[in-house]
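In full-length UniProt numbering, the protein residues as written are 1 to 480.
Shown next as structure tokens:
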């Protein structure tokens, strides 16, 4: 495996947003664990069977599968690291994940990789074993015993997802059922409005759903939440655990590095692709540095929000071009908060009108600890880099705490992601997903955003990479 780096920029954001992004990006990059190349850096050589564009889990999985089947593979990654929307950074004396973090044994593809490479698992205390559950309802902070909270939440969740079994009898199905197509126009907010709930249940549900779609509940599709519910067999606790309980002890970058080292393919970092064309003989790519690279096939494994930054010839299907303009709904924020004062093992929720919708303990302590916080887009209303700006929200729940330090990463301003995890908007599933997943001649597409099961998760990225790796390998063998 060979690594070569060149200059990369954060072009595409307005000046003020760019400054905020670069401040966060430079802080995080300085602390992050970057991959270490094996072998000397070398320019691309002619004769590649496949060029993979994008070094997240989908791209690395596809490249590994193809290389293991004898293909000569080159992976191009625009960033100076592998991992895509996952990477960890130092926060004080410990490492924290700034992007994708959690995995679960309900997610078969990533769990198989964990077992394959013997990775160690850690738990998130505030999700695994919370001693306290708090939430905000009608402006007041409420607290009830953990088991009573689950009963309250599960009742609302079951009624909200009542149509899940009919829509997703098999949650890994690639398309929508007839029942699903009838519901795909509905937003999460639409469904919430149609369900009878107490004010406390409604605010608790709003918090959970806004966290799940990582944006306002009016922006997320109801069918997306039905799929999540089907994936966990309609179990409220399992839904939360699947999203936030287990993580890799040494960070996500350790897994992707193991996969890349195992793959035996060439990697070039800081190499953004500007153009991709194809003809009967193969594919041709032009990098932003105006270098030309050719191969028999290409795999494009970049977030759907960024495909518009590559010029494709011939043009892509309508669904792909539409999604590049519309974007998915995942645009929220994730922050780590270092706090002073006794921090118990707890979790708290607040509706989407608040700064954060879900916060839980990552590291408890008698004299201080670390919280993880999720919330909808702030659109510049609050400086999330300023501990004093976020402290008032935390103190509404826990008045004795002081916020000493914060760390996050604005994935929406990162030109190579332009958003967080994928939650489709109303109508996008039925209108665009088939086009998003479809090959375009010699160009195949992969990514967490177009997975059939755990879309938006590490598991979905690996699922998609496995499928596309198999499909391209079959083409190379002349059997497809």
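All C-beta atoms, glycine included, are put in the ideal place defined by N, C-alpha and C.
Around the Cβ of residue i, are there at least 16 other Cβ atoms within 10 angstroms (buried) or fewer (exposed)?
| i | result |
| --- | --- |
| residue 400 | exposed |
| residue 216 | buried |
| residue 77 | buried |
| residue 323 | buried |
| residue 201 | buried |
| residue 35 | Any reading at residue 35 is ruled out, since the residue's pLDDT is 39, under 50, leaving its predicted position unreliable. |
| residue 139 | exposed |
| residue 473 | buried |
| residue 315 | exposed |
| residue 303 | buried |
| residue 145 | exposed |
| residue 467 | buried |
| residue 459 | buried |
| residue 219 | buried |
| residue 214 | buried |
| residue 104 | buried |
| residue 379 | exposed |
| residue 353 | exposed |
| residue 375 | buried |
| residue 195 | exposed |
| residue 193 | exposed |
| residue 70 | exposed |
| residue 333 | buried |
| residue 58 | buried |
Pull up the distance between the alpha-carbon of residue i and that of residue j, whole angstroms please.
| i | j | result |
| --- | --- | --- |
| residue 383 | residue 68 | 47 Å |
| residue 245 | residue 111 | 13 Å |
| residue 72 | residue 50 | 7 Å |
| residue 436 | residue 53 | 16 Å |
| residue 247 | residue 125 | 11 Å |
| residue 262 | residue 66 | 12 Å |
| residue 482 | residue 294 | No answer is possible for residue 482: the residues shown for the chain start at 1 and end at 480. |
| residue 409 | residue 331 | 12 Å |
| residue 469 | residue 442 | 13 Å |
| residue 345 | residue 363 | 8 Å |
| residue 284 | residue 159 | 51 Å |
| residue 309 | residue 271 | 14 Å |
| residue 228 | residue 47 | 42 Å |
| residue 360 | residue 239 | 16 Å |
| residue 132 | residue 402 | 19 Å |
| residue 297 | residue 282 | 6 Å |
| residue 169 | residue 453 | 12 Å |
| residue 477 | residue 175 | 28 Å |
| residue 143 | residue 355 | 19 Å |
| residue 394 | residue 461 | 33 Å |
| residue 438 | residue 83 | 24 Å |
| residue 377 | residue 420 | 11 Å |
| residue 426 | residue 157 | 19 Å |
| residue 405 | residue 475 | 51 Å |
Alpha carbons only, please: which of the options is nearest the one belonging to residue i?
| i | options | result |
| --- | --- | --- |
| residue 289 | 275, 473 and 252 | 275 |
| residue 136 | 380, 478, 360 and 348 | 348 |
| residue 306 | 253, 412, 287 and 181 | 412 |
| residue 416 | 66, 63, 65 and 86 | 86 |
| residue 199 | 313, 314, 364 and 351 | 351 |
| residue 221 | 342, 190, 56 and 142 | 190 |
| residue 101 | 93, 88, 92 and 108 | 88 |
| residue 241 | 212, 336, 337 and 354 | 212 |
| residue 91 | 476, 376 and 372 | 372 |
| residue 311 | 273, 355, 338 and 325 | 273 |
| residue 450 | 391, 172, 414 and 333 | 172 |
| residue 299 | 388, 79 and 471 | 471 |
With a threshold of 8 Å, are at least 3 pairs of Cβ atoms found where one atom belongs to the region 109-121 and the other to the region 223-235?
No: fewer than three Cβ pairs fall under 8 Å.
If we count Cβ pairs, one from each stretch, closer than 8 Å, do we get three or more for the region 205-212 versus the region 261-276?
Contact between the region 205-212 and the region 261-276 is absent, with fewer than three C-beta pairs closer than 8 Å.
Would you check if there are 3 or more beta carbon pairs closer than 8 Å linking the region 174-189 to the region 425-432?
Result yes; three or more Cβ-Cβ pairs closer than 8 Å.
Under 8 Å: do the region 249-256 and the region 96-105 share three or more Cβ pairs, one atom per stretch?
By the C-beta criterion, the region 249-256 is judged to be in contact with the region 96-105, since at least 3 inter-stretch pairs fall below 8 Å.
Tell me the start and end of each unbroken beta strand (DSSP E) in the region 63-91 that is at least 3 residues and wholly inside, in chain order.
If only complete runs of 3 or more residues are kept, the region 63-91 shows the beta strand (DSSP E) at 73-76 and 88-91, in order along the chain.
Given 8 Å as the limit, is there contact between the region 355-375 and the region 308-322, that is, 3 or more CB pairs closer than that?
With the cut-off at 8 Å, the region 355-375 and the region 308-322 do not touch.
Uninterrupted beta strand (DSSP E) stretches inside the region 88-130 (no shorter than 3 residues)
The qualifying runs are 88-91, 94-97 and 121-123.
Runs of beta strand (DSSP E) lying entirely within the region 381-412, each at least 3 residues, in chain order:
Counting only runs of 3 or more, we get 402-408.
Can you list, in chain order, the stretches of the beta strand (DSSP E) that have 3 or more residues and sit fully within the region 276-346?
Counting only runs of 3 or more, we get 282-287, 292-300, 311-313 and 333-340.
Along the chain, which unbroken stretches of the beta strand (DSSP E) at least 3 residues long are found entirely within the region 192-280?
DSSP runs (the beta strand (DSSP E)) wholly in the region 192-280: 246-248, 266-268 and 273-279.
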